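Student: Numbering (my numbering), first residue to last: 7 to 119. Ideal Cβ positions, reconstructed from N, Cα and C, are used throughout, including at glycine. All values derive from a computational prediction rather than experimental measurement.
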């Protein structure tokens, strides 16, 4: 798996890479350097191995429950994991909508007071 995590690729727009899924960050920045298998992580944070596998492969989102477990295990915050997921979700939607959102929805006009 080639890394595109935020710590390695900071300017996504310039490179026009797809959004980085938090599972990629989990794999590249935590599991791989620490030599931890997906199976071991799943067992130690008490979740089904399939959950970790699907997160790693980008087919499952990180939920609040999983974020709490990952935070406890790795000594991070749950907000770290949820922010990665939220950032990914927003970037996916921005890529999906492109300029159509600006054309489809007008900004609320407010008067100066």
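Quick one: Cα of residue 90 to Cα of residue 78, how far?
Tutor: Each residue's Cα considered, the two are about 16 Å apart.
Student: Short check: CB of residue 28 to CB of residue 68, under 7 Å?
Tutor: Yes, Cβ-Cβ distance for residue 28 and residue 68 is below 7 Å.
Student: Residues in its own chain within less than 8 Å of residue 66 by CB, not counting five upstream and five downstream?
Tutor: Closer than 8 Å at Cβ, skipping near neighbours: 29, 57 and 60.
Student: I need the DSSP call for residue 90, collapsed to helix, strand or coil.
Tutor: Looking at residue 90 - three-state DSSP - the assignment turns out to be helix.
Student: Mapping the DSSP letters down to three states, classify residue 101 as helix, strand or coil.
Tutor: Reduced to three states, the DSSP call for residue 101 is helix.
Student: Ends of the alpha helix (DSSP H) at residue 28?
Tutor: Residues 28–31.
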